[in-house]
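Participant:
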Amino acid sequence: EPEVTQTPSHQVTQMGQEVILRCVPISNHLYFYWYRQILGQKVEFLVSFYNNEISEKSEIFDDQFSVERPDGSNFTLKIRSTKLEDSAMYFCASTYAGYSNQPQHFGDGTRLSIL
Amino acid sequence: RKEVEQDPGPFNVPEGATVAFNCTYSNSASQSFFWYRQDCRKEPKLLMSVYSSGNEDGRFTAQLNRASQYISLLIRDSKLSDSATYLCVVNEGNTGKLIFGQGTTLQVKP
Numbered sequence: 004e005p006e007v008t009q010t011p012s013h014q015v016t017q018m019g020q021e022v023i024l025r026c027v028p029i030s031n032h033l034y035f036y037w038y039r040q041i042l043g044q045k046v047e048f049l050v051s052f053y054n055n056e057i058s059e060k061s062e063i064f065d066d067q068f069s070v071e072r073p074d075g076s077n078f079t080l081k082i083r084s085t086k087l088e089d090s091a092m093y094f095c096a097s098t099y100a101g102y103s104n105q106p107q108h109f110g111d112g113t114r115l116s117i118l
Numbered sequence: 250r251k252e253v254e255q256d257p258g259p260f261n262v263p264e265g266a267t268v269a270f271n272c273t274y275s276n277s278a279s280q281s282f283f284w285y286r287q288d289c290r291k292e293p294k295l296l297m298s299v300y301s302s303g304n305e306d307g308r309f310t311a312q313l314n315r316a317s318q319y320i321s322l323l324i325r326d327s328k329l330s331d332s333a334t335y336l337c338v339v340n341e342g343n344t345g346k347l348i349f350g351q352g353t354t355l356q357v358k359p
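If you read the protein sequences in the order shown, they are chains V and Y. According to the working numbering, the first sequence is numbered sequentially starting from 4. According to the working numbering, the second sequence is numbered sequentially starting from 250.
#1: Write down the C-beta distance between A96 (chain V) and V7 (chain V) rounded to the nearest angstrom, noting that I regard them as a contact closer than 8 Å.
#2: Sort out for me which residues DSSP pairs Y319 (chain Y) with in a bridge.
#3: Strictly under 7 Å for the Cβ-Cβ distance: is K251 (chain Y) near chain V by that measure?
#4: Along the chain, which unbroken stretches of the beta strand (DSSP E) at least 3 residues long are found entirely within the segment 29–102 of chain V?
#5: Taking the straight line between their C-alpha atoms, what separation do you get for M92 (chain V) and V15 (chain V)?
#6: Do S69 (chain V) and K81 (chain V) have their C-beta atoms closer together than 7 Å?
#7: Cβ closer than 8 Å: which chain V residues qualify as neighbours of G352 (chain Y)?
#8: Assuming contact is defined by CB atoms lying nearer than 7 Å, are P259 (chain Y) and Q356 (chain Y) in contact in what I supplied?
#9: Contact check, G191 (chain Y) vs Y36 (chain V) under 8 Å by CB: the rounded distance?
#10: So which residues of chain Y does P106 (chain V) contact, with C-beta pairs closer than 7 Å?
#11: Since A320 (chain Y) and R308 (chain Y) are thought to touch, with beta carbons under 8 Å apart, how far apart are those beta carbons, to the nearest angstrom?
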């Protein structure tokens, strides 16, 4: 069964440094998402992306965050200047269509630790 | 009021038991509903979509009550492998943005 893959599985970064999290969505999917989950808390929506544009973003997704689809397969989340509170699991997800009834398929996540 | 609310549990049940989880959502315009399962520090995995008429998948039954803004999940004949956190998830519109509940933890014991 096709799956969403994410790299790295664990990233340790000094506060203030830039970090790029990478995702390869399922190959025929067109809609891409990033979520995060702080330890012990619920999963939170960050951003949705379609047709090389952000469709929607949450309040968490401030100017420090950006997303990009640099080629036909990768979907990246960049945090420009990391803060301690950015420490979390980051999950990428994708769907073929953007309808609300389409279940999203999640990658196994990147654990980001900010020191 | 929380957008999606669940009893965090934990629910501790013996193998073979039937257990039910409930969830409420605040936005009456919400369009789609799902139950996801999350094992410790892993990604959410889709358990089942929830349809207005209710739906069943093996030992799992999901119900939706739009009037009460209430979703339920029933697990029959619990297995040890059902131990996990069950996430109630709502999509409010056509943007694809999913709103997650905090999750309900289930521990099935021998």
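Backbone N, C-alpha and C define an ideal beta-carbon position, used for all residues, glycine too. Source: prediction; values computed, not measured.
Facilitator: Quick answer:
#1: 7 Å between Cβ atoms; contact.
#2: Bridge partners of Y319 (chain Y): Y:T273 and Y:N314.
#3: no
#4: 34–40, 46–53, 56–60, 68–71, 78–82 and 91–98
#5: 12 Å
#6: yes
#7: K45
#8: yes
#9: No answer is possible for residue 191 (chain Y): the residues shown for chain Y start at 250 and end at 359.
#10: F283, L295 and S298
#11: Here residue 320 (chain Y) turns out to be Ile, not Ala, going by the sequence shown. About 18 Å; that fails the 8 Å criterion.
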